[in-house]
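> Just dropping this structure here.
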Amino acid sequence: EIDLHTHGIQRSGFEYLKAWLPYVVVAIMLVLTRTVPAIKNWVTSETFTFGWNNILGTGISTKTQPVYLPGFLFLITVCLCYGLFKMKGPQIRQSWRESSSMILGAGSALIFAVPMVQVFINSQSGMMEAMPLVLADGVSALFGSLWPLIAPTIGALGAFIAGSNTISNMMFSLFQFGMAEKIGAIPHVVVALQAVGGAAGNMICVHNVVAASATVGLIGKEGLVIRKTLIPMTIYVIIAGTMGILMA
């Protein structure tokens, strides 16, 4: 342990508050844009909505609301922090360089993963339903009303394979929703179990383990870290699944 006071470094309460302020600002903006109807209606209005109808003649349409996205709120907070912390030009450029290197790593995977997920979700053709719903139809016959117990495990497996809770949710949320409808469970509870399981799966996500191991000097020990982390992850999804059985 390092006692900062013994090294002549002292921090005032204001400095600690200042360090936490960006997180507080992001949290407040997220809450306001999601819970205050007037603000939510404004950021999701047609003014800030961009869409693409009948993409390449497929009959598929999509739209985005960039001002409503959490990432946009992070960018606003970043700009506020430049003034709050009185950052100079070189410091700002350095922050962008470091952030960009991390974003590019994740972005390169998402560029290919997101289209794959969209194909998976929008795979219905003629009289056939989309792949997630076909899967739900088959699996519901196997597990029946016990599915809420299994739902978090699917989320965790998706996060482990895809390397992201977001991609896991994109891939399996429709499947989980369809399962809930098939077995007569509460759909939003089952989808929530998917998200909880995806968060648990991040514990054993390979690139997360590699990054964390590199940070603390455990290069070459990734397999051991995953095996050790698998235990709390398993407990996590079992508890979530048990709660899901009671709630769904």
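Counted the way the working numbering counts, the sequence shown spans residues 107 to 354.
Ideal Cβ positions, reconstructed from N, Cα and C, are used throughout, including at glycine.
Does the beta-carbon of residue 311 have 16 or more other beta-carbons within 10 angstroms, so that it is buried, or is it exposed?
Buried: at least 16 other Cβ atoms inside 10 Å.
> Would you tell me roughly how many angstroms separate the C-alpha atoms of residue 122 and residue 318, rounded to the nearest one?
Each residue's Cα considered, the two are about 25 Å apart.
> Quick check: the Cα distance between residue 145 and residue 249, rounded to an integer number of angstroms?
If I take the Cα positions, the gap works out to 43 Å.
> In terms of alpha-carbon separation, which member of 345, 314 and 344 lies closest to residue 331?
Per the Cα distances, 314.
> On the three-pair Cβ rule with 8 Å, is the stretch 247–266 touching the stretch 291–305?
Verdict: yes, contact present.
> According to DSSP, simplified to helix, strand and coil, what is residue 141?
Looking at residue 141 - three-state DSSP - the assignment turns out to be helix.
> In terms of residues, what are the limits of the alpha helix (DSSP H) holding residue 284?
271–289 is the span of the alpha helix (DSSP H), which, as asked, contains residue 284.
> My understanding is that residue 246 touches residue 289, with C-beta atoms under 8 Å, so please give their C-beta distance in whole angstroms.
Contact flag correct, Cβ pair sits at about 5 Å.
> In the DSSP assignment, find the alpha helix (DSSP H) that holds residue 266 and state where it starts and stops.
Unbroken alpha helix (DSSP H) run through residue 266: 253–268.
> Can you list, in chain order, the residues of its chain with a C-beta nearer than 6 Å to that of residue 173? Leave out the 5 residues immediately preceding and following it.
Closer than 6 Å at the Cβ level, and outside the excluded window around residue 173, lie 149 and 154.
> Rounded to whole angstroms, what is the Cα-Cα separation between residue 270 and residue 281?
Between residue 270 and residue 281, the C-alpha separation is close to 17 Å.
> Helix, strand or coil for residue 309? Go by DSSP, reduced to three states.
Coil, per DSSP.
> Grab me the residues of residue 180's own chain with a C-beta within less than 8 Å of its C-beta, minus the 5 sequence neighbours each way, in chain order.
These residues qualify, in order along the chain: 132.
> Which runs of the beta strand (DSSP E), 3 residues or longer, sit entirely within the stretch 171–201?
Runs of the beta strand (DSSP E) inside the stretch 171–201: none found.
> Would a C-beta distance cut-off of 8 Å place residue 303 and residue 346 closer than the cut-off?
Closer than 8 Å, so yes.
> Which word fits residue 264, buried or exposed, when buried means at least 16 other C-beta atoms lie within 10 angstroms of its C-beta?
Buried, since its Cβ has 16 or more Cβ neighbours within 10 Å.
> Look at the Cβ atom of residue 309, then the Cβ atom of residue 272, and state whether they are nearer than 8 Å.
No.
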